[in-house]
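Student: Dropping the structure in here first, questions after.
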Amino acid sequence: LLIGGVHGDEVSPVDAVQRTIAALDPTKMSGTVTAVHDVSRPAKEGVTRMWPIAQWGGQLIDLNRVWPGNEDGGNAAVRHAGLVFNRLFRPNADYALDYHTAATGGDFTAFIFAKLGQPEIRAMAELFPIEQIKSDPGFPGTLETSLVEAGIPALTIEIGGPRSYDRRLIPLFVEGGLNVLKLHGVIPGPMGRTAR
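Residue numbers (the numbering used here): 778 to 973.
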């Protein structure tokens, strides 16, 4: 499962997911790759980090703080997260890569949040040709943490800053994503560059 666009100001993650999918040849694949690259449509339309809601005088909800959501929740963002998590992500994913950037006004280098104490997650994280992998104990409400708690090994991938296409960093995460697909036997071929 490849996920981009949990926040509406994250464009490099959407591009990385699209480029990874474009690199696949379905005639040479074993298994399925699901790409969801516009998880937070209302935030994406406003090019804002948060999901805007009209309830309670108008609020902004960080979708990456409400996972796994609740299909009967008190606002649209929580209900949407519940529907997507329960009906799309959890039943269809064996492994997940969740692509992000820094928030508007901030910037990041290339790095990954990973629960390094779990061997399957560590193996995936080390397949990206980047220099920084943060050992992540997890944060309640994040998609990565919710996926791991549901038994789906997952990473949070951070591709630089928001609101722009980082042409230097995106290829590193496409290469790493393809390496992860090779690790799990979804696509054939030799590994590309890795963290090692």
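Beta carbons: idealized from backbone N, C-alpha and C, even for Gly. Keep in mind it's a predicted model, so treat the numbers as computed, not measured.
1) In the DSSP assignment, what residue or residues form a beta bridge with proline 829?
2) I'd like the list of long-range same chain contacts for phenylalanine 885, defined as Cβ closer than 7 Å, with 5 residues on each side in sequence excluded.
3) Residues in the same chain with beta-carbon distance under 6 Å from glycine 915, minus the five sequence neighbours each way, listed in chain order, please.
4) Of the residues Ser807, Ala873, Pro917, Gln909, which one's Cα is nearest the Cα of glutamate 897?
5) Give a yes or no on contact between the segment 821-830 and the segment 899-912, applying the rule of three or more CB pairs nearer than 8 Å.
6) Contact defined as beta carbons within less than 8 Å: I believe phenylalanine 866 pairs with threonine 933. What is the distance between those atoms, to the nearest angstrom?
7) Quick one: grab the DSSP three-state call for alanine 813.
8) Determine the closest residue to arginine 818 out of Ile964, Trp833, Lys805, Asp839, with distance taken between C-alpha atoms.
9) Inspect the CB distances between the segment 789-806 and the segment 943-958 and report whether three or more fall short of 8 Å.
10) Would valine 855 pass as an interface residue toward chain B - the criterion being a Cβ-Cβ separation below 8 Å?
11) Here's the rule: buried if 16 or more other CB atoms are within 10 angstroms of the residue's CB, otherwise exposed. What is lysine 911?
12) How big is the Cα-Cα spacing for lysine 892 and aspartate 913?
13) If you compare alpha carbons, which of Asn841, Leu801, Gly834, Asp871 is closest to glycine 781?
14) Quick one, are the C-beta atoms of threonine 811 and leucine 778 less than 8 Å apart?
15) Going by other Cβ atoms of all chains shown within 10 Å of its Cβ, with 16 needed for buried, is lysine 805 buried or exposed?
16) My output table needs one value for isoleucine 889: the three-state DSSP class, helix, strand or coil.
17) Comparing C-alpha positions only, which one of Thr881, Asn852, Trp844, Gly823 sits nearest to glycine 834?
18) Give the DSSP-derived three-state secondary structure of threonine 797 in the structure shown.
19) Measuring CA to CA, which of Val963, Pro948, Leu801 is closest to proline 790?
20) I'd like to check one pair, arginine 970 with valine 788: are the Cβ atoms closer than 8 Å?
Tutor: Short version:
1) Leu837
2) Thr878, Ala879, Glu935, Gly937, Gly938
3) Thr922
4) Ala873
5) no
6) Actually they do not touch by this definition, with Cβ atoms about 14 Å apart.
7) Alanine is not the amino acid found at residue 813; the sequence shown has valine there. Strand.
8) Asp839
9) yes
10) Within the model displayed, chain B is absent; a lone protein chain is all it includes.
11) exposed
12) 5 Å
13) Asn841
14) yes
15) exposed
16) strand
17) Asn852
18) helix
19) Pro948
20) no
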